[in-house]
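Accompanying notes for the structure given below.
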Amino acid sequence: DQQVKQNSPSLSVQEGRISILNCDYTNSMFDYFLWYKKYPAEGPTFLISISSIKDKNEDGRFTVFLNKSAKHLSLHIVPSQPGDSAVYFCAASVGTGNQFYFGTGTSLTVIP
Amino acid sequence: KAGVTQTPRYLIKTRGQQVTLSCSPISGHRSVSWYQQTPGQGLQFLFEYFSETQRNKGNFPGRFSGRQFSNSRSEMNVSTLELGDSALYLCASSQGGKETQYFGPGTRLLVL
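Take a look at the structure:
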């Protein structure tokens, strides 16, 4: 049972515009969320995190929004750059330790 | 600081064999988690080790096992390999609390 879902397998955006990647989850007990970026033949690279006690976290061009009532997480990239083209994964965890549940990823293409 | 390293990077085995993968975490990190990535399934959590003890376990059969040494290095073993075990195996390390995990480049296992 997929507890974290990324319903858009792919997304294309023009350079300079906003990219919005979405993630939905089913377990209301999740209390920590991460976004990762992954290039082919490499391991995922950490982008940004958010705790369930917050509803927004910013880091440079990346902002993550958390809507707990809707069980929805989104990552905004502004402005989008061609180097942002990669697969993006959201992940969530609950309880002690680092057992993370991952979505299946969204492939972002930023068109120059 | 050196990142997470995994060896070997590529491996070909035949059905019925066993395999051992190795992961060296970032210096000072005490938690190591293992994930399996297959096409269409995203990253599936296998297990987490912290201070040489298994702290969390995913929903994988007993053929998948692991251990952690006193220097925090971890190994994962898969016995009686099946074709479906072909995947990218990723390990991730963190300091130990609920926090960001940093991934290695992965070991690509092909079972023939």
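Chains as they are written, first to last, in the working numbering: chain U, 2 to 113; chain Y, 1034 to 1145.
Each residue gets a CB set at the ideal place from its N, CA and C atoms; glycine is no exception.
This one's a predicted model, so the numbers in the text were calculated from it and none came from an experiment.
As assigned by DSSP and simplified to three states, the class of residue i
i	result
Leu1145 (chain Y)	coil
Gly1075 (chain Y)	strand
Asp60 (chain U)	strand
Ala93 (chain U)	strand
Ser1057 (chain Y)	strand
Ile1045 (chain Y)	strand
Opposing strand residues paired with residue i [DSSP bridges]
i	result
Lys6 (chain U)	U:Asp25
Ser13 (chain U)	U:Thr110
Glu1081 (chain Y)	Y:Ser1066 and Y:Asn1089
Phe101 (chain U)	U:Ser94
Gln1039 (chain Y)	Y:Cys1056
Proximity of residue i and residue j at Cβ, strictly below 9 Å
i	j	result
Val1144 (chain Y)	Gln1101 (chain Y)	no
Phe66 (chain U)	Lys57 (chain U)	yes
Trp36 (chain U)	Ile49 (chain U)	yes
Val1037 (chain Y)	Ser1119 (chain Y)	no
Leu1116 (chain Y)	Gly1139 (chain Y)	no
Phe103 (chain U)	Tyr1068 (chain Y)	yes
Phe1080 (chain Y)	Gly1099 (chain Y)	yes
Ser108 (chain U)	Ser11 (chain U)	yes
Arg1063 (chain Y)	Gly1129 (chain Y)	yes
Phe90 (chain U)	Thr105 (chain U)	yes
Val88 (chain U)	Lys6 (chain U)	no
Gln82 (chain U)	Gly1075 (chain Y)	no
Arg1096 (chain Y)	Leu1121 (chain Y)	no
Ala92 (chain U)	Asn28 (chain U)	no
Neighbour list for residue i in chain C, Cβ cutoff strictly below 9 Å
i	result
Arg1088 (chain Y)	The question asks about chain C, but that chain is absent: this structure's protein chains are U and Y.
### Message
Report the start-end ranges of each beta strand (DSSP E) in the stretch 1098 to 1139 of chain Y that is 3 residues or longer and not cut off at the edges.
### Response
If we require 3 residues or more, the beta strand (DSSP E) runs fully inside the stretch 1098 to 1139 of chain Y come out as 1107 to 1111 and 1120 to 1127.
### Query
If you scan the stretch 33 to 88 of chain U from start to end, which runs of the beta strand (DSSP E) of 3 or more residues do you find wholly inside it?
Counting only runs of 3 or more, we get 33 to 39, 46 to 52, 57 to 60, 63 to 68 and 73 to 78.
### Task
Evaluate the contact criterion for the stretch 10 to 24 of chain U versus the stretch 41 to 57 of chain U: three or more CB pairs, one atom per stretch, below 8 Å.
Taking a cut-off of 8 Å for Cβ pairs, the stretch 10 to 24 of chain U and the stretch 41 to 57 of chain U do not touch, as fewer than three such pairs fall below it.
### Query
Do three or more CB pairs link the stretch 18 to 28 of chain U to the stretch 64 to 77 of chain U at distances below 8 Å?
Yes: at least three Cβ pairs fall under 8 Å.
### Task
Pair every Cβ in the stretch 1038 to 1058 of chain Y with every Cβ in the stretch 1093 to 1110 of chain Y, then say whether three or more of these pairs are closer than 8 Å.
With a cut-off of 8 Å, the stretch 1093 to 1110 of chain Y and the stretch 1038 to 1058 of chain Y count as touching, because enough Cβ pairs lie within range.
### Query
Given 8 Å as the limit, is there contact between the stretch 1085 to 1094 of chain Y and the stretch 90 to 99 of chain U, that is, 3 or more CB pairs closer than that?
Touching, per the Cβ criterion.
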